[in-house]
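Engineer: Using our numbering, you'd call the opening residue of the sequence shown number 22 and step up by one each time. We put the beta carbon where it would ideally sit given N, CA and C, even for glycine. Dropping a structure here in C-alpha cells format, bear with me for questions.
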Amino acid sequence: DRLPRITSGVVDTLRLEPGLTPARALSGWRLLAARYTPESAALQGLVWKQVGRHQCSGDCPPPFTLSVVDGLPVKGMPNVLELPALLGSGEARQALTRAGDDRYEGYAEAWGRAREQLDADADESGPAAARLTLLRAGFDAAAGAPAARERLTAMLGFWTYQRRLDQLYVKQGYTLAGKGLELPSPGRQRSGAMIEVEALPLLRALLGFVEHEQAVAAHPGRLAFRELLTHCIGIVERLQAGSSVDAQDEDFLNRLDQALLGLAGEGDAPVIVDLHTDAASAEVLELATGPAREIRHGPATGARISVHQFRQPLSGRMTDADWRARLHSGEVPPPIDVGAGV
Numbered sequence: 022d023r024l025p026r027i028t029s030g031v032v033d034t035l036r037l038e039p040g041l042t043p044a045r046a047l048s049g050w051r052l053l054a055a056r057y058t059p060e061s062a063a064l065q066g067l068v069w070k071q072v073g074r075h076q077c078s079g080d081c082p083p084p085f086t087l088s089v090v091d092g093l094p095v096k097g098m099p100n101v102l103e104l105p106a107l108l109g110s111g112e113a114r115q116a117l118t119r120a121g122d123d124r125y126e127g128y129a130e131a132w133g134r135a136r137e138q139l140d141a142d143a144d145e146s147g148p149a150a151a152r153l154t155l156l157r158a159g160f161d162a163a164a165g166a167p168a169a170r171e172r173l174t175a176m177l178g179f180w181t182y183q184r185r186l187d188q189l190y191v192k193q194g195y196t197l198a199g200k201g202l203e204l205p206s207p208g209r210q211r212s213g214a215m216i217e218v219e220a221l222p223l224l225r226a227l228l229g230f231v232e233h234e235q236a237v238a239a240h241p242g243r244l245a246f247r248e249l250l251t252h253c254i255g256i257v258e259r260l261q262a263g264s265s266v267d268a269q270d271e272d273f274l275n276r277l278d279q280a281l282l283g284l285a286g287e288g289d290a291p292v293i294v295d296l297h298t299d300a301a302s303a304e305v306l307e308l309a310t311g312p313a314r315e316i317r318h319g320p321a322t323g324a325r326i327s328v329h330q331f332r333q334p335l336s337g338r339m340t341d342a343d344w345r346a347r348l349h350s351g352e353v354p355p356p357i358d359v360g361a362g363v
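Here's what the structure looks like:
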C-alpha cells in the first residue's frame, strides 16, 4: 500500500473528505505508471502547501514563483535554481534569495526536508541515484569556481535533456541548416577528470541496461554503443586510480561525439519540457535549452548552451518544434541568469 510521493494530478484540497490526503486521492492502478524521480519530489516539496504564504515587508516585487491559491499569495511554482541550490551550489542559493523566491512561511523547514530526502535518494542504487551523484559533483564544482555560472548552466542543460528523456512528452522535431557553411577546423578538448569520475555510476548503470537489452535481441548499433560505454568506463576507472588520460584516450574522447552521432542518426537540438503545473493559475512551468554556442581557445574547443525557464498558460504549452520556431523568431524569454536570480 505505497502512496505516491509526487502529486501528479490536480487535487482540490477544499473538496477532500475528512482524513483524505492528496496522495490517497491520487492512488490507483495505472497501466503505465509514472516513475518517481528524486528531483521532482524535492521541487514539489518546496511549493504550497509544503510552504506557506508569501512574506513581504514593505515594497517588494512579486517573485517568479508567486501564485494565488484560494485567494492566498503562495508559492505555486518551483524555481529550477532550487535544484542546484539543494545539491550544493551557493551561487544558486544566493540567486534565489536575491529574487525573493525563498520568502515564504516555512520555507527553511521545507528546504531542510527536501535536502534530507535528496540525500536519502542519493544513497540508493540505480540510475536516479547515479544521476544525483553526477549533478551534485557538477553543482559543487560550480560553487566558487572561476566559471561557476557557466558550469552551473551546463549542468542544468544536461538535466533538462535527462528530464525530457524521462517524460517522453514533447514531440520530435528537426532544424534545417543553411547552405554554404564553412566548416571550422576540428578542435580538441581535454578531459575534466572530476566530473568524469563522478559520472562512473551513471555510465555503469547505462551499460547494465544495454547489456540487459542485448540479452533480448542483439543489434549492431547496440553492440557499438556498448563498446563506446565500455571504453568510457575504462578511461574513468583509470582516472579514479590516479592515472592521467593518454593521447589515445584523448583522441577517443574527441571523436566520441561523431561516433554517437553515427549511432543516433541526428544531432542535438534545443528541447523543451514541462517541469511543474499550477492548476490554480492554469499555468505550466517549462524548462528549455537554447542552441549551442561554440567556444574556442587555441586548440581547445567546447560549447555552451543557455537554459530558459518560464511560465506558460496550460493551453499554450509547447513542443520541441514550437520552441525551436520561437528561437528562430527571436521571441523568447531571457535565459537563466544566476547573477540576477531569474
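Within 10 angstroms of its Cβ, does histidine 240 collect 16 or more other Cβ (buried), or is it exposed?
Structural biologist: Classification for histidine 240: exposed.
Engineer: Going by Cα to Cα distance, which pick from Thr298, Pro59, Glu258 and Glu126 is closest to serine 78?
Structural biologist: When each option's Cα is compared against that of serine 78, the closest is Glu126.
Engineer: Measure how close the beta-carbons of leucine 177 and isoleucine 357 come, nearest whole angstrom, since I'm counting them as under 8 Å.
Structural biologist: Correct: roughly 7 Å between the Cβ atoms.
Engineer: What does the Cβ neighbour count give for glutamine 330, buried or exposed, with the cut at 16 atoms within 10 Å?
Structural biologist: It counts as buried.
Engineer: Return the chain-ordered list of same chain residues with a C-beta closer than 6 Å to the C-beta of serine 350, the five sequence neighbours on each side being excluded.
Structural biologist: No residues qualify anywhere along the chain.
Engineer: From the DSSP output, which residues share a beta bridge with threonine 310?
Structural biologist: According to DSSP, threonine 310 bridges with Val328.
Engineer: For glycine 323, name the three-state secondary structure that DSSP assigns.
Structural biologist: Residue state, collapsed to three classes: strand.
Engineer: Rounded to the nearest angstrom, what separates methionine 285 and threonine 86 at their Cα positions?
Structural biologist: A small correction: the amino acid at residue 285 is alanine; methionine does not occupy that position in the sequence shown. Distance between the alpha carbons of alanine 285 and threonine 86: 37 Å.
Engineer: Does the pairing of the region 217-231 with the region 135-151 give three or more beta-carbon distances under 8 Å?
Structural biologist: Flag = yes, the region 217-231 and the region 135-151 touch.
Engineer: From this set, Asp289, Val359, Pro354 and Ser336, which residue's C-alpha is nearest tyrosine 182's C-alpha?
Structural biologist: Among Asp289, Val359, Pro354 and Ser336, the Cα nearest to that of tyrosine 182 is on Asp289.
Engineer: Report all residues from its chain with a CB closer than 6 Å to the CB of threonine 174; omit the five preceding and five following residues, and keep chain order.
Structural biologist: The residues are Val328.
Engineer: In angstroms with no decimal places, state the Cα-to-Cα distance between tryptophan 132 and alanine 262.
Structural biologist: Cα to Cα, tryptophan 132 sits roughly 36 Å from alanine 262.
Engineer: For the alpha helix (DSSP H) holding threonine 251, just list the boundary residues, first then last.
Structural biologist: From DSSP, the alpha helix (DSSP H) with threonine 251 extends over 241-261.
Engineer: Does the distance from the CB of leucine 156 to the CB of leucine 108 come in under 7 Å?
Structural biologist: Result yes, Cβ atoms of leucine 156 and leucine 108 sit closer than 7 Å.
Engineer: Only counting runs of 4 or more residues, tell me where the alpha helix (DSSP H) segments fall wholly within the region 54-82, in order along the chain.
Structural biologist: The region 54-82 contains these whole alpha helix (DSSP H) runs: 59-65.
Engineer: Should the region 66-77 be called in touch with the region 91-99, which here means at least 3 C-beta pairs below 8 Å?
Structural biologist: With a cut-off of 8 Å, the region 91-99 and the region 66-77 count as touching, because enough Cβ pairs lie within range.
Engineer: Helix, strand or coil for threonine 86 per DSSP?
Structural biologist: Three-state result, threonine 86: coil.
Engineer: Ignore the nearest five residues each way along the sequence and tell me which others in arginine 347's own chain have a CB closer than 6 Å to its CB.
Structural biologist: Here the set comprises Val353.
Engineer: Consult DSSP for valine 359 and reduce its assignment to one of helix, strand or coil.
Structural biologist: Three-state result, valine 359: coil.
Engineer: Between the C-alpha atoms of proline 137 and alanine 63, what's the straight-line distance to the nearest angstrom?
Structural biologist: Correcting the residue type first, residue 137 is glutamate in the shown sequence and not proline. Their backbone Cα atoms lie some 9 Å apart in a straight line.
Engineer: Aspartate 144 and threonine 58 look like a contact to me (Cβ under 8 Å); what is the Cβ gap, rounded to whole Å?
Structural biologist: About 16 Å; that fails the 8 Å criterion.
Engineer: Can you tell me whether DSSP reads valine 305 as helix, strand or coil?
Structural biologist: In this structure, valine 305 counts as strand in the three-state DSSP scheme.
Engineer: Which of the three DSSP states is assigned to threonine 298 in this structure?
Structural biologist: Threonine 298 falls in the strand class under three-state DSSP.
Engineer: Which same chain residues, not among the five before or five after glutamine 333, have their C-beta less than 6 Å away from its C-beta?
Structural biologist: Cβ within range, chain order: Val305 and Glu307.
Engineer: Measure the alpha-carbon distance for leucine 260 versus isoleucine 293 and round it to whole angstroms.
Structural biologist: For leucine 260 and isoleucine 293, the distance between alpha carbons rounds to 34 Å.
Engineer: Count the other CB atoms within 10 Å of the CB of isoleucine 326; is the residue buried (16 or more) or exposed (fewer)?
Structural biologist: Isoleucine 326 is buried by the Cβ-count criterion.
Engineer: So what does DSSP say about proline 334, is it helix, strand or coil?
Structural biologist: Residue state, collapsed to three classes: strand.
Engineer: Do you know offhand how far aspartate 123's Cα is from leucine 104's?
Structural biologist: If I take the Cα positions, the gap works out to 13 Å.
Engineer: If we ignore side chains and look at the alpha-carbon of each, how far apart do alanine 301 and valine 359 end up?
Structural biologist: Using only the alpha carbons, I get a separation of about 28 Å.
Engineer: Which residue wins for smallest C-alpha separation from proline 84, given the options Gln71, Gly73 and Leu117?
Structural biologist: Ranking the options by Cα distance to proline 84, first place goes to Leu117.
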